[in-house]
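Engineer:
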Amino acid sequence: MAVERFRLHPDPHAACQAASALYAAMIPGLRAVLPASARISHIGSTAVEGLQTKGDLDILVRVPKDAFMAADAALAARFPRNKGSVRTDDFSAFEVPDEALPVGIQLAAIDGAFDHFHLFAAALAAHPALIDGFNEIKQLFDGQPMTDYRAAKALFINAVLDGIARGEIPV
Numbered sequence: 001m002a003v004e005r006f007r008l009h010p011d012p013h014a015a016c017q018a019a020s021a022l023y024a025a026m027i028p029g030l031r032a033v034l035p036a037s038a039r040i041s042h043i044g045s046t047a048v049e050g051l052q053t054k055g056d057l058d059i060l061v062r063v064p065k066d067a068f069m070a071a072d073a074a075l076a077a078r079f080p081r082n083k084g085s086v087r088t089d090d091f092s093a094f095e096v097p098d099e100a101l102p103v104g105i106q107l108a109a110i111d112g113a114f115d116h117f118h119l120f121a122a123a124l125a126a127h128p129a130l131i132d133g134f135n136e137i138k139q140l141f142d143g144q145p146m147t148d149y150r151a152a153k154a155l156f157i158n159a160v161l162d163g164i165a166r167g168e169i170p171v
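All residue numbers for the sequence shown refer to the working numbering, where the first residue is 1 and numbers rise by one.
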């Protein structure tokens with residue numbers, strides 16, 4: 001069995017442009033099936049200028065807790081669930097097949113246990129030193145096993161989220 005490897009996209013600017021265009025194209029279809037209260041955002045590395053990326057698109061859908069089940073059902077009717085992701089009463093993840101780029105959709109209940117993706121994205125946008133630090137991790141793990149990269153990435157993200165929670169990293 002081949003080991004999945006983390007690979008950086010050779011042209012992060014082009015990857016960001018492609019992801020932004022795909023995001024814009026997907027919004028009308030998502031809005032058509034999601035509750036009106038849904039907040040949809042482009043998150044992940046392709047959403048942050050200057051951040052290295054593997055070239056995928058991550059979309060965050062945040063909904064009030066009372067709209068979570070309806071949003072989950074609407075997304076599940078259109079997209080397969082991400083079997084490699086956690087699923088709870090306030091978080092689920094989906095994969096979008098057959099697009100030009102790999103696409104993941106994360107659904108989180110507002111103020112739920114997994115409602116933090118937007119905070120990490122805001123911290124990156126507000127603090128260029130965090131982009132530099134994240135890029136160092138990405139470059140270090142380029143070509144390495146994906147599981148190793150994901151472990152290092154999780155440590156970095158959790159450290160940033162902890163800093164936000166303690167008020168040390170304003171967003």
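Backbone N, C-alpha and C fix where the C-beta goes; we use that ideal spot for every residue, glycine too.
Determine the closest residue to Gly169 out of Tyr149, Ala121 and Pro145, with distance taken between C-alpha atoms.
Structural biologist: Indexing the sequence shown from 1 puts residue 169 at position 169. It should be noted that the sequence gives Ile, not Gly, for residue 169. Among Tyr149, Ala121 and Pro145, the Cα nearest to that of Ile169 belongs to Ala121.
Engineer: Which of the three DSSP states is assigned to Ile27 in this structure?
Structural biologist: Mapped onto the sequence shown, residue 27 falls at position 27. Residue state, collapsed to three classes: helix.
Engineer: Under the rule that 16 or more other beta-carbon atoms within 10 Å means buried, what is Ala14, buried or exposed?
Structural biologist: On the sequence shown, position 14 is the one that residue 14 refers to. Under this definition Ala14 is an exposed residue.
Engineer: Using alpha carbons as the reference points, say which of Val103, Pro102, Val63 and Ala100 lies closest to Phe221.
Structural biologist: Only positions 1 to 171 of the chain appear in the structure, and residue 221 is not among them; the question remains open.
Engineer: Which residue or residues does DSSP assign as beta-bridge partners of Ser92?
Structural biologist: Translated into the one-based positions of the sequence shown, residue 92 becomes position 92. DSSP lists Leu107 as partners of Ser92.
Engineer: Give me the Cα-Cα distance between Pro80 and Ala154, rounded to the nearest whole angstrom.
Structural biologist: One-based indexing of the sequence shown puts residue 80 at position 80. One-based indexing of the sequence shown puts residue 154 at position 154. If I take the Cα positions, the gap works out to 24 Å.
Engineer: CA-CA distance, Gly29 and Ser37?
Structural biologist: Here residue 29 corresponds to residue number 29 of the sequence shown, with the count starting at 1. Here residue 37 corresponds to residue number 37 of the sequence shown, with the count starting at 1. Cα to Cα, Gly29 sits roughly 15 Å from Ser37.
Engineer: Exposed or buried, which one is Asp58 when buried takes at least 16 other CB atoms within 10 Å?
Structural biologist: If you number the sequence shown from 1, residue 58 lands on position 58. When all chains shown are included, Asp58 counts as buried.
Engineer: By how many angstroms is the C-alpha of Gly112 removed from the C-alpha of Ala151?
Structural biologist: As a first step, residue 151 is located in the sequence shown; it is residue number 151 there, counting from the start. As a first step, residue 112 is located in the sequence shown; it is residue number 112 there, counting from the start. For Ala151 and Gly112, the distance between alpha carbons rounds to 23 Å.
Engineer: Between the segment 140-151 and the segment 92-107, are three or more C-beta pairs nearer than 8 Å?
Structural biologist: With a cut-off of 8 Å, the segment 92-107 and the segment 140-151 do not count as touching, because too few Cβ pairs lie within range.
Engineer: Select from Phe68, Gly55 and Ser85 the residue whose C-alpha is nearest the C-alpha of His9.
Structural biologist: To locate residue 9, count along the sequence shown from 1; it is residue 9. When each option's Cα is compared against that of His9, the closest is Gly55.
Engineer: Use the C-beta contact count for Ala108: other C-beta atoms within 10 angstroms, 16 or more gives buried, fewer gives exposed.
Structural biologist: By one-based count along the sequence shown, residue 108 stands at place 108. Buried, because 16 or more other Cβ atoms sit within 10 Å of the Cβ of Ala108.
Engineer: DSSP beta-bridge partners for Asp58?
Structural biologist: Against the sequence shown, residue 58 aligns to sequence position 58. In the DSSP output, where bridge partners are listed per residue, Asp58 has Ile43 and Gly104.
Engineer: Measuring straight from C-alpha to C-alpha, what distance separates Ala125 and Val48?
Structural biologist: Counting from 1 along the sequence shown, the entry for residue 125 is found at position 125. Counting from 1 along the sequence shown, the entry for residue 48 is found at position 48. Cα to Cα, the separation comes out at about 7 Å.
Engineer: Within a Cβ cutoff of 6 Å, which residues of the same chain sit near Ala93, ignoring the five residues on either side of it in sequence?
Structural biologist: Taking the sequence shown and counting its residues from 1, one reaches residue 93 at position 93. Hits under 6 Å: Asn82, Ser85 and Gln106.
Engineer: Select from Leu22, Arg7 and Ala74 the residue whose C-alpha is nearest the C-alpha of Leu34.
Structural biologist: As a first step, residue 34 must be located in the sequence shown, where it is residue number 34. Leu34 has its Cα closest to that of Ala74, out of Leu22, Arg7 and Ala74.
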